[in-house]
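**Student:** Residues 1 to 448 in full-length UniProt numbering are what the sequence shown spells out, letter by letter.
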Amino acid sequence: MPLSGLLWMAILISIAMMLLLPRPHGLRAFIAASILRLIYSLGLQPTLTLLGTANVCNKILFLVSFVGNRGTFTRGCHALLTELDFLYHVFYLFVCAGALLTHELLYSLLLFDLVYREETLLNVIKSVTRNGRSIVLTAILALILAYLFSIVGFLFFRDDFVLPIDRPHGHIPLHDAAARVAYPTDTCSSAAESCSTPSSTARYRSQFLHDDPSSMTEGLERSCDTLLMCIITVLNQGLRNGGGVGDVLRQPSKDEPLFTARVIYDLLFFFVVIIIVLNLIFGVIIDTFADLRSEKQKKEEILKTTCFICGLERDKFDNKTVSFEEHITQEHNMWHYLYFIVLVRVKDPTEYTGPESYVAQMIKEHNLEWFPRMRAMSLMSGEGEAEQNEVRGLQEKLEGTMRLISQLSTQLTDLREKMTEQRTQRERLGLLRSPVPPHPYTSRLPTV
């Protein structure tokens, strides 16, 4: 009863949250409280069946609305089958239906929807798929190197590939298996079995130790008698161990003739395969994830500092009558543009106004010239006033310059007149002061 009361209280609180604060958190709290109430009242199995049925119906309605909104029905089956989002939701529907009809554990596959919705987790997947070709080629190089090391191991170090094993013991009880799996004893497998007769485990061990020539000691097994087994061992044990394949091979004595070759073999595998090749793969993945994260941060920074509609940056609105926040929320609100595009698409073309007809034609042609690129009404009005002030100032300066020019022209005219008068006076004075030249006839008269 106290738990039932708490659940009812949680439902009432979530309803109050939805009414007072109409936000998604209130609805989520109400859904969670309702599910817990159903589990408490009906049980887990009926609640899962009810929720699964509701989920299938919801997904069918979602697919119908999704296809209708995307216009996939009008584009044909090819567009329908190549739409990745549509295929994802179809797979989601099949998983829900399969979990409802077969087993509830299939609902665990729906947890991958978190990767589809969360961009950070999606970038984790893209870090592997974006440079998938580089990763695959590097992995092929790792396989080639492992194959070469397997050949060397098969030819020269076949006896060093001895690995510890844990063989199954089906007759050992479950509570004794942990204590006897490594070193099984020769006890009787049942009460009816004579203790003088070797048990099945003893017979199996005797056959393993004496009849099988590939066995060395109890719990050990040779794993490189064939080239295929060498390749499998190198890939399985060498790539999974931090020190390479040398961590699982037999430790040789320094007196053995191939001790130096074995050391070189282990070190080469460690440096070439573990340190270089595997780290190349990890480096490609990490670098791709870092690039995706930097691209995401750059996009977020652009959206914060640049208008989505006109492309003007925040610093263009410094010391202006309209701030950048007012500009992106009132003048160039991107949701208003989206609503206008939806209006143009759903409105009857015969009822278009002039601007609506123009925008509809631009949208049909996939032309973005109707967007105010690098322009804003507030900046244009402010710039117009500033330009008028500048023109007014230039006009005043021009008038002052014209007055100075007229004064200079008057002074030059006066100066020219004075110079002309002075030149005329000098010419007159020169004529008066110059001597009279002798007449040619008077110079020929005889003297008395």
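Glycine is no exception: its CB is placed at the ideal position from the N, C-alpha and C atoms.
(1) Considering only their Cβ atoms, is the gap separating residue 331 from residue 512 smaller than 8 Å?
(2) In this structure, does DSSP put residue 301 in helix, strand or coil?
(3) Taking all protein chains shown into account, decide if residue 88 is buried (16 or more other Cβ within 10 angstroms of its Cβ) or exposed.
(4) Using 8 Å as the threshold, is the C-beta distance between residue 234 and residue 150 below it?
(5) In or out: residue 96 buried (at least 16 other Cβ within 10 Å) or exposed?
(6) How big is the Cα-Cα spacing for residue 242 and residue 146?
(7) With distances taken Cα to Cα, identify the nearest neighbour of residue 127 among 285, 64, 248.
(8) Would you kindly report the start and end of the unbroken beta strand (DSSP E) that includes residue 220?
(9) In angstroms, rounded to a whole number, what distance separates the CA positions of residue 295 and residue 373?
(10) Among 60, 125, 119, which residue has its Cα nearest to the Cα of residue 93?
(11) When the Cα atoms are used, what is the spatial distance from residue 264 to residue 248?
(12) Is it buried or exposed for residue 77, if we count other Cβ within 10 angstroms and need 16 for buried?
(13) Three or more C-beta pairs closer than 8 Å, one from the stretch 62-69 and one from the stretch 11-22: is that the case here?
(14) How far does the alpha helix (DSSP H) with residue 87 in it reach, from first residue to last?
(15) Buried or exposed for residue 182, please, with buried defined as at least 16 other CB atoms from any protein chain shown within 10 angstroms of its CB.
(16) Can you grab the Cα-Cα spacing for the pair residue 152 / residue 81, in whole Å?
(17) Just reading off the alpha helix (DSSP H) that residue 163 is part of, what are its end residues?
(18) Once DSSP output is grouped into helix, strand and coil, what is the label at residue 256?
(19) Are at least three pairs of beta-carbons, each pair with one atom in the stretch 95-112 and one in the stretch 124-142, less than 8 Å apart?
(20) Are the beta-carbon atoms of residue 43 and residue 99 separated by less than 8 Å?
(21) Can you tell which of 41, 305, 227 has the C-alpha that lies nearest to the C-alpha of residue 5?
(22) Quick check on DSSP: helix, strand or coil for residue 313?
(23) Between which two residues does the alpha helix (DSSP H) holding residue 138 run?
(24) Within a Cβ cutoff of 7 Å, which residues of the same chain sit near residue 244, ignoring the five residues on either side of it in sequence?
(25) Measure the alpha-carbon distance for residue 35 versus residue 47 and round it to whole angstroms.
(26) Decide if residue 138 is buried, meaning its Cβ has at least 16 other Cβ atoms within 10 Å, or exposed.
(27) Would you tell me roughly how many angstroms separate the C-alpha atoms of residue 297 and residue 334, rounded to the nearest one?
(28) Please report the residue range of the alpha helix (DSSP H) in which residue 4 lies.
(29) Looking at residue 371: is its Cβ nearer than 8 Å to the Cβ of residue 328?
(30) Check this for me: beta carbons of residue 37 and residue 13, under 8 Å apart or not?
(31) How would you call residue 287, buried or exposed, if buried means at least 16 neighbouring beta carbons within 10 angstroms?
(32) I need the boundaries of the alpha helix (DSSP H) containing residue 80, first residue and last residue.
(33) Taking only the alpha-carbon atoms, compute the straight-line gap between residue 102 and residue 110 and give it to the nearest angstrom.
**Tutor:** Reading off the structure:
(1) Nothing in the structure corresponds to residue 512, since the chain is present only between 1 and 448.
(2) As a working note, residue 301 is residue 301 in the sequence shown. Of the three classes helix, strand and coil, the one that applies to residue 301 here is helix, per DSSP.
(3) Numbered from 1 along the sequence shown, position 88 holds the residue referred to as residue 88. Residue burial is scored here from C-beta neighbours: residue 88 has fewer than 16 other C-beta atoms within 10 angstroms and is therefore classed as exposed.
(4) Here residue 234 is taken as the residue at index 234 of the sequence shown, counted from 1. Here residue 150 is taken as the residue at index 150 of the sequence shown, counted from 1. With respect to residue 150, residue 234 sits close: the two C-beta atoms are nearer than 8 Å.
(5) Here residue 96 refers to the residue found at position 96 when the sequence shown is read from its first residue. Buried, since its Cβ has 16 or more Cβ neighbours within 10 Å.
(6) Here residue 242 is taken as the residue at index 242 of the sequence shown, counted from 1. Here residue 146 is taken as the residue at index 146 of the sequence shown, counted from 1. About 15 Å.
(7) What you label residue 127 is simply residue 127 of the sequence shown in a count that begins at 1. Ranking 285, 64, 248 by Cα distance to residue 127 puts 285 first.
(8) Taking the first residue of the sequence shown as position 1, residue 220 is located at position 220. Here the beta strand (DSSP E) through residue 220 covers 220-222.
(9) Locating residue 295 in the sequence shown gives position 295, counting from the first residue. Locating residue 373 in the sequence shown gives position 373, counting from the first residue. Between residue 295 and residue 373, the C-alpha separation is close to 23 Å.
(10) Against the sequence shown, residue 93 aligns to sequence position 93. Residue 60 is the option with its Cα nearest to residue 93.
(11) Position 264 of the sequence shown, counted from the first residue, corresponds to residue 264. Position 248 of the sequence shown, counted from the first residue, corresponds to residue 248. Using only the alpha carbons, I get a separation of about 16 Å.
(12) For this step, residue 77 is matched to residue 77 along the sequence shown. Burial call: exposed.
(13) Taking 8 Å as the limit for Cβ pairs, the verdict is that the stretch 11-22 does not touch the stretch 62-69.
(14) Taking the first residue of the sequence shown as 1, we reach residue 87 at position 87. It spans 84-101 - the alpha helix (DSSP H) in which residue 87 sits, taken as one unbroken run.
(15) In the sequence shown, the residue the question calls residue 182 occupies position 182. Here the model assigns residue 182 a pLDDT of 38, short of 50, so the residue's position is not dependable, and the following value carries that caveat. A residue is called buried when at least 16 other Cβ atoms come within 10 angstroms of its Cβ; residue 182 does not meet this threshold and is exposed.
(16) Your numbering for residue 152 matches position 152 in the sequence shown. Your numbering for residue 81 matches position 81 in the sequence shown. Distance between the alpha carbons of residue 152 and residue 81 is about 50 Å.
(17) Taking the sequence shown and counting its residues from 1, one reaches residue 163 at position 163. Segment 162-164 is the beta strand (DSSP E) holding residue 163; no alpha helix (DSSP H) there.
(18) The count along the sequence shown starts at 1 and reaches residue 256 at position 256. Looking at residue 256 - three-state DSSP - the assignment turns out to be coil, as it is neither helix nor strand.
(19) Taking one beta carbon from each stretch, the stretch 95-112 and the stretch 124-142 have fewer than 3 pairs nearer than 8 Å; the two do not touch.
(20) Working through the sequence shown from its first residue, we reach residue 43 at position 43. Working through the sequence shown from its first residue, we reach residue 99 at position 99. No. Outside cutoff.
(21) In the sequence shown, the residue the question calls residue 5 occupies position 5. The shortest C-alpha separation from residue 5 is found at 41.
(22) Taking the sequence shown and counting its residues from 1, one reaches residue 313 at position 313. DSSP places residue 313 in strand when its eight states are reduced to three.
(23) For this step, residue 138 is matched to residue 138 along the sequence shown. That run of the alpha helix (DSSP H) goes 132-156.
(24) Numbered from 1 along the sequence shown, position 244 holds the residue referred to as residue 244. 238, 266, 269, 270, 273, 274, listed in sequence order.
(25) Position 35 of the sequence shown holds residue 35. Position 47 of the sequence shown holds residue 47. If you take the alpha carbons of residue 35 and residue 47, they lie about 8 Å apart.
(26) Sequence index remark: in the sequence shown, residue 138 carries index 138 (1-based). Buried is the call here.
(27) Working through the sequence shown from its first residue, we reach residue 297 at position 297. Working through the sequence shown from its first residue, we reach residue 334 at position 334. The straight-line gap from Cα to Cα measures roughly 20 Å.
(28) Counted from its first residue, the sequence shown places residue 4 at position 4. Counting along the chain, the alpha helix (DSSP H) containing residue 4 begins and ends at 2-20.
(29) Counting from one through the sequence shown, the residue named residue 371 turns up at place 371. Counting from one through the sequence shown, the residue named residue 328 turns up at place 328. The answer is no: Cβ separation not under 8 Å.
(30) In the sequence shown, residue 37 corresponds to position 37, counting from 1. In the sequence shown, residue 13 corresponds to position 13, counting from 1. The answer is no: Cβ separation not under 8 Å.
(31) The residue given as residue 287 occupies position 287 in the sequence shown. The residue is exposed, with fewer than 16 neighbouring Cβ atoms inside 10 Å.
(32) Sequence index remark: in the sequence shown, residue 80 carries index 80 (1-based). Run containing residue 80: 77-81, per the alpha helix (DSSP H) assignment.
(33) Locating residue 102 in the sequence shown gives position 102, where the first residue counts as 1. Locating residue 110 in the sequence shown gives position 110, where the first residue counts as 1. Linking residue 102 to residue 110 through their CA atoms gives a straight-line distance of about 15 Å.
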